[in-house]
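Colleague:
Protein chains: 2
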Amino acid sequence: MPTDADQTSEDVRSRILDAAEALLRRHGPDKLAVTDVARALSMSHANVYRYFGSKTDLFQQLVRRWLGRLEAPLAAIAAEDGPAADRLTRWALTLHRQKREKVSADPEMFAAFDKAADRAGGGPVEAHLDALRDQLRIILEDGAAEGRWPGVGPTSAQDVFTALSPFSHPAVVLADGAADRSEQLRRVVRLLDAGLAAG
Amino acid sequence: MPTDADQTSEDVRSRILDAAEALLRRHGPDKLAVTDVARALSMSHANVYRYFGSKTDLFQQLVRRWLGRLEAPLAAIAAEDGPAADRLTRWALTLHRQKREKVSADPEMFAAFDKAADRAGGGPVEAHLDALRDQLRIILEDGAAEGRWPGVGPTSAQDVFTALSPFSHPAVVLADGAADRSEQLRRVVRLLDAGLAAG
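Protein chains in written order, with the numbering used here: chain A, 1 to 199; chain B, 200 to 398.
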């Protein structure tokens, strides 16, 4: 059970991340300095370092939180009870829409976070991709349990994720002008659905 | 039937492209100037412009020729008589290997051509992608004629190409450190094979 002290600590962490995200949006990743984050919160930079061991750690948590926001609605679809094939379609369409929105609604922010993600090292991005593959694994295993997808095996989540990645990979979505390719995505999902069903 | 004059003309075009490619390799796309190409061939720049209407045209032909070299071995696989599923696997593996080689064997050259491709506009790249999709269409239609793939329809070549693109898209291959993902590619091809077979 969390204590009051834990909650306060979590609250301070969250406020530091809010301030850092606001500065990142305003000035870009190159100018994000721990001292500016501390000043924005009227806090010593030593205090910021109590919560984040280094600037890299702060970057990593920031990127992880940003990418984590995408995961919640997708996790909800993965956790539903309905037919797996329908959930696979909605999961893939939602991910495609989210990535297009990130690229098109706020391209500067997308670029800033993309650069911040580079600086943060592969950690937060890998954690995001792992979370998405885990969601896909839940849907595929449910489809196997339904008897619809006898072809589901240990690598299926990874393979289906890769085959669908042209609809969510930031570099591809960006190169594509964030175009809405939902119709093609539905067809590719149907093809994979049929392949998994064939076993 | 080509005349001697045509052959000579084709030969001059080819020599101009050779010189431009050598300069691109040596100095990068930013410094590629028509006057330097002409000088390397002891030819007036007006003569270069007789063969290429503009520097953009020269860039486009250069990128088209470079990408065209990748297409020949793939076209040969598409044109074979053997079972379509086997040809699809070899076609996809060959494309994956080629793109990894381009990225890893000669990263500066890859970057230079990538930049030149940007400057050339989408034309040469689109022509390359169209050629690859046409090859895939031949294989898929052969598989439909064999009776193996009743699921092949008007958009199948485009859809299968997209699902396989994570193994050949330059940005993805580059971000991936040109890693050999042949094993996963085989699995994705098997999944698509099963999906097309299900109809």
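Just so it is clear, CB atoms sit at the ideal spot from N, CA and C, and this is done for glycine as well.
Computed from a prediction, not measured in an experiment: that's the story for all the values here.
1. Please report whether the beta-carbon of B/R386 lies at a distance below 8 Å from any beta-carbon of chain A.
2. So, does the CB of B/V262 fall closer than 8 Å to a CB anywhere in chain A?
3. How many Å lie between B/Q260 and A/L140 at the Cα?
4. According to DSSP, is A/R186 part of a helix, a strand, or is it coil?
5. Under the three-state reduction of DSSP, which class applies to B/V351: helix, strand or coil?
6. Going by other Cβ atoms of all chains shown within 10 Å of its Cβ, with 16 needed for buried, is B/S253 buried or exposed?
7. Would you check whether the ligand COA has a heavy atom nearer than 7 Å to the C-beta of A/D142?
8. Do we get a CB-CB distance below 8 Å when we pair A/T162 with the residues of chain B?
9. Using the beta-carbon of each residue, which ones in chain B are nearer than 7 Å to A/S165?
10. Leaving aside the five residues before and after A/V12 along the sequence, list all residues of the same chain whose C-beta is less than 7 Å from its C-beta, in chain order.
11. Any beta-carbon of chain A closer than 8 Å to the one on B/H368?
12. Mind checking whether A/F113 and A/V63 have CB atoms under 8 Å apart?
13. Quick check on B/H399: does DSSP put it in helix, strand or coil?
14. In the structure shown, what three-state DSSP assignment does A/L70 receive?
15. Under 8 Å between C-beta atoms, does A/T89 make it to chain B?
16. So, is the C-beta of B/L391 closer than 8 Å to a C-beta in chain A?
17. Does any residue of chain A bring its CB to less than 8 Å from the CB of B/D329?
18. Hey, quick one: how far does the alpha helix (DSSP H) through B/K298 stretch, first residue to last?
19. With a cut-off of 8 Å, does the C-beta of A/V103 fall near any C-beta of chain B?
20. By the DSSP assignment, the alpha helix (DSSP H) with A/D36 in it spans what residues?
21. Is it the case that the Cβ atoms of B/L391 and B/V371 are separated by a distance below 8 Å?
Modeller: Looking at the atomic coordinates:
1. yes
2. So, not an interface residue.
3. Looking at the two C-alpha atoms, the distance is approximately 46 Å.
4. helix
5. coil
6. exposed
7. With respect to the ligand COA, the structure offers nothing, as it holds no ligand at all.
8. yes
9. P365
10. Y51
11. yes
12. yes
13. Look at the range of chain B in this structure, 200 to 398, and you will see that residue 399 of chain B is not part of it.
14. helix
15. Interface annotation, A/T89: not in contact with chain B, CB-CB separation never under 8 Å.
16. yes
17. Not an interface residue.
18. 283-304
19. no
20. 34-40
21. Taking 8 Å as the Cβ cut-off, B/L391 and B/V371 do not qualify as a contacting pair.
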